[in-house]
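Working notes, beginning with the structure itself.
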Amino acid sequence: IPRTTPETEEIKRRHKHISPILSLSYSRPIFMVRAAFQYMYDGYGNAILDAYNNIPHVGHSHPKVVEAGQQQMAQLNTNTRYLYDLLPRYSEKLLSKFPKSLNKVYFVNSGSAASDLALRMVHSHTKRKKLMVMEHGYHGNTQMGIDVSDYKFNNAKGAGKKEHILKTPIPDTYNGKYKEKNAGSLYAKEAIEQISNSVEPIAAFISEPIVGCGGQVPLADGYLKEVYPAIRERGGVCISDEVQTGFGRLGDHFWGYEAQEVIPDIVILGKPMANGHPMGALVTTDEIASSFNEGVEFFSSFGGNPVSCAIALSVLEVIEEEKLQKNAKEVGDHYKSLLLALKKEHKCIGDVRGSGLFLGIEIIDEKTQKTNRKLAHRIKNELRNKNILISTDGPHDSVLKTKPPLCFTKENAETVVSAIDSILKN
Ligand code: PMP
Numbered sequence: 325i326p327r328t329t330p331e332t333e334e335i336k337r338r339h340k341h342i343s344p345i346l347s348l349s350y351s352r353p354i355f356m357v358r359a360a361f362q363y364m365y366d367g368y369g370n371a372i373l374d375a376y377n378n379i380p381h382v383g384h385s386h387p388k389v390v391e392a393g394q395q396q397m398a399q400l401n402t403n404t405r406y407l408y409d410l411l412p413r414y415s416e417k418l419l420s421k422f423p424k425s426l427n428k429v430y431f432v433n434s435g436s437a438a439s440d441l442a443l444r445m446v447h448s449h450t451k452r453k454k455l456m457v458m459e460h461g462y463h464g465n466t467q468m469g470i471d472v473s474d475y476k477f478n479n480a481k482g483a484g485k486k487e488h489i490l491k492t493p494i495p496d497t498y499n500g501k502y503k504e505k506n507a508g509s510l511y512a513k514e515a516i517e518q519i520s521n522s523v524e525p526i527a528a529f530i531s532e533p534i535v536g537c538g539g540q541v542p543l544a545d546g547y548l549k550e551v552y553p554a555i556r557e558r559g560g561v562c563i564s565d566e567v568q569t570g571f572g573r574l575g576d577h578f579w580g581y582e583a584q585e586v587i588p589d590i591v592i593l594g595k596p597m598a599n600g601h602p603m604g605a606l607v608t609t610d611e612i613a614s615s616f617n618e619g620v621e622f623f624s625s626f627g628g629n630p631v632s633c634a635i636a637l638s639v640l641e642v643i644e645e646e647k648l649q650k651n652a653k654e655v656g657d658h659y660k661s662l663l664l665a666l667k668k669e670h671k672c673i674g675d676v677r678g679s680g681l682f683l684g685i686e687i688i689d690e691k692t693q694k695t696n697r698k699l700a701h702r703i704k705n706e707l708r709n710k711n712i713l714i715s716t717d718g719p720h721d722s723v724l725k726t727k728p729p730l731c732f733t734k735e736n737a738e739t740v741v742s743a744i745d746s747i748l749k750n
């Protein structure tokens with residue numbers, strides 16, 4: 325790493341007032357100045373291929389999204405205590421993407437606010453506290469969000485698991501204890517045993533369909549199909565966190581839970597929903613909404629404002645007009661097949677997993693077959709030096725994560741894979 329880089333002054337300037345608890349990506353951080361579609365541009369004239377950021381879902385600075393925000397900002401921005409067309413118009417459009425039973429929506433400004441609200445709703449609906457959470461899961465930065473996020477409470481600096489939390493093993497068919505065809509069932513059995521053995525009855529179960537912070541781990545096939553009915557039989561609520569997996573990214577499905585052939589009781593949305601404008605939402609059933617509506621009034625100053633709704637509406641329109649779910653499927657399949665071919669050549673690639681444009685590459689030590697954080701970080705940083713963005717995550721931070729804007733092309737995928745190949749050959 326060069327001691328002084330063009331970014332050095334900017335790093336110093338940032339740290340004057342910004343706490344280092346807000347980490348910077350890469351050994352050599354990037355000074356960004358603009359972005360368009362799947363490209364970002366730094367302050368030194370470099371175009372950088374973005375194979376990482378899933379928030380600019382339909383592409384950075386997409387002109388239709390930018391225009392929707394600009395026009396609405398110049399016309400009206402207010403809160404949900406007034407009547408305006410965009411709130412019901414966007415709600416109808418969003419809910420048309422869900423099964424009929426999920427027909428109530430609450431708008432907030434982040435994924436964290438959505439998961440926090442989900443937990444409040446669970447409490448008002450069930451009057452219970454016991455929550456089952458997924459090993460390595462992450463759901464938000466509020467205190468309640470951290471309480472249900474093994475990724476945070478189980479961190480070396482975390483406060484540990486609270487009494488009211490049941491943590492269930494991640495149904496991982498690569499690193500986990502069950503790898504066989506019926507692994508989903510075997511993991512589900514363990515989860516069901518945990519809730520059956522709990523003295524306190526279960527209030528809810530929360531999980532992502534592909535556990536992002538856990539290292540892009542898809543839940544083993546058939547898992548939720550067995551766990552959800554068991555939760556419901558005991559009066560509990562099933563929550564699917566679609567903050568990362570939603571809005572067509574997975575290619576085969578618009579929502580991740582569809583791959584598991586289940587319908588949740590609460591769905592949490594965020595990140596890609598408004599392409600980077602801060603917006604989150606919670607979608608639920610009439611029944612859960614009416615329990616919640618009996619309590620104190622719910623209000624969010626910014627949630628569901630006309631500007632947010634206009635932007636989010638334009639995102640759904642662009643997904644349809646540009647057939648981005650189909651693109652995620654086609655480009656994602658191509659990308660995954662190239663990565664699987666690379667795995668055959670390089671023994672340090674232990675696993676390639678995920679769906680559509682939401683993929684993970686597990687980097688291992690050739691000799692021990694154990695996770696290899698050091699090499700994963702070397703690949704990530706060398707890719708950055710080649711002007712390609714990718715990240716690492718997972719319990720050992722050894723999984724390369726790629727989840728680009730959905731306008732990513734097959735050629736872009738080829739660029740990333742051949743860059744990884746050349747790094748591994750050197
Ligand atoms: N759920 C999941 C699965 C997430 O990945 C995140 C953010 N990484 C959140 C919730 C929280 O969203 P936000 O950062 O918008 O509060």
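The opening position of the sequence shown corresponds to residue 325 in the UniProt record's numbering, with each subsequent residue numbered one higher. We treat Cβ as the ideally placed atom computed from N, Cα and C, and that holds for glycine. All figures in this text were calculated on a predicted structure; none of them were measured in a lab.
Item                                                                                                                                                           : Value
In angstroms, rounded to a whole number, what distance separates the CA positions of Tyr-406 and Asn-629?                                                      : 10 Å
Roughly how many angstroms lie between the CA atoms of Asn-479 and Glu-550, to the nearest whole one?                                                          : 29 Å
How about residue 756 and Lys-653: are their beta carbons less than 8 Å apart?                                                                                 : Residue 756 lies beyond the residue range present for the chain, which begins at 325 and ends at 750; the question has no answer from this structure.
Return the bridge partner residues of Ile-712 from the DSSP annotation.                                                                                        : Leu-373
Quick check: does the Cβ of Ser-614 come within less than 7 Å of any heavy atom belonging to the ligand PMP?                                                   : no
So is the beta-carbon of Asp-440 under 7 Å away from any non-hydrogen atom of the ligand PMP?                                                                  : no
Take every Cβ of the region 516-529, pair it with every Cβ of the region 433-447, and state whether three or more of those distances are shorter than 8 Å.     : yes
With respect to 7 Å, is the separation between the Cβ of His-381 and the closest non-hydrogen atom of the ligand PMP below this value?                         : no
Can you tell which of Arg-573, His-339, Ser-624 and Thr-328 has the C-alpha that lies nearest to the C-alpha of Glu-644?                                       : Arg-573
Could you check the C-alpha separation between Lys-650 and Lys-704 for me, to the nearest Å?                                                                   : 28 Å
Taking 8 Å as the threshold (C-beta atoms), are Ile-555 and His-601 in contact?                                                                                : no
With DSSP as the reference, identify every bridge partner of Gly-678, one or two as the case may be.                                                           : Leu-683
Just mark Asn-521 as buried or exposed, buried being the case when its beta carbon has 16 or more other beta carbons within 10 Å.                              : exposed
Suppose only complete runs of 3+ residues qualify. What are the beta strand (DSSP E) ranges in the region 536-606, listed by chain order?                      : 561-565 and 590-593
Can you tell me where the alpha helix (DSSP H) with Leu-724 in it begins and where it stops?                                                                   : Looking at the DSSP string, Leu-724 is not in any alpha helix (DSSP H); the run it does join, the beta strand (DSSP E), is 723-726.
Tell me whether Gly-435 counts as near the ligand PMP, meaning its Cβ is closer than 7 Å to at least one heavy atom of that ligand.                            : yes
If you draw a straight line from the alpha carbon of Val-561 to that of Ala-438, how long is it in whole angstroms?                                            : 15 Å
Would you mind working out which of Glu-333, Lys-513, Ala-613 and Val-541 sits nearest Arg-352, comparing C-alpha positions?                                   : Glu-333
Is Lys-476 near the ligand PMP, with its Cβ less than 7 Å from a heavy atom?                                                                                   : no
Do Val-639 and Met-597 have their C-beta atoms closer together than 8 Å?                                                                                       : yes
If I measure Cβ to Cβ from Lys-503 and keep anything under 7 Å in the same chain, skipping five residues before and after, which residues do I get?            : Thr-497
Tell me the rounded alpha-carbon separation between Glu-706 and Lys-421.                                                                                       : 40 Å
Return yes when the C-beta of Asp-565 is under 7 Å from any heavy atom of the ligand PMP, and no when it is not.                                               : yes
Using a Cβ-Cβ cut-off of 6 Å (strictly less than) and excluding sequence neighbours within five positions of Ser-722, which residues of its own chain qualify? : Ile-687, Thr-695, Asn-696, Arg-697 and Ala-700
If you drop the 5 nearest sequence neighbours on each side, which residues of the same chain put their C-beta closer than 6 Å to that of Ser-564?              : Tyr-581, Pro-588 and Val-591
How about His-670 and Leu-748: do their beta carbons lie closer than 8 Å?                                                                                      : yes
Does the beta-carbon of Lys-667, which I'm using as the reference point, lie nearer than 7 Å to any heavy atom of the ligand PMP?                              : no
Quick one: what does DSSP say Tyr-462 is sitting in, helix, strand or coil?                                                                                    : coil
Pull up the DSSP beta-bridge partners for Phe-529, would you.                                                                                                  : Met-456 and Cys-562
What number of angstroms, rounded off, separates the C-alpha of Leu-666 from the C-alpha of Val-390?                                                           : 38 Å
Following the continuous beta strand (DSSP E) through Arg-358, name the residue where it begins and the one where it ends.                                     : 356-360
Is the beta carbon of His-658 within less than 7 Å of some heavy atom of the ligand PMP?                                                                       : no
Is Thr-695 helix, strand or coil when you go by DSSP?                                                                                                          : strand
Can you give me the Cβ contacts of Asn-401 inside the same chain, cut-off strictly under 8 Å, excluding the 5 residues immediately before and after it?        : Asn-629, Pro-630 and Val-631
Please confirm whether Ile-519 has its beta-carbon closer than 8 Å to some beta-carbon of chain D.                                                             : Among the chains in the structure shown there is no chain D, since it carries only a single protein chain.
Can you tell me which residues form a DSSP beta bridge with Val-472?                                                                                           : DSSP output for Val-472 lists no bridge partner at all.
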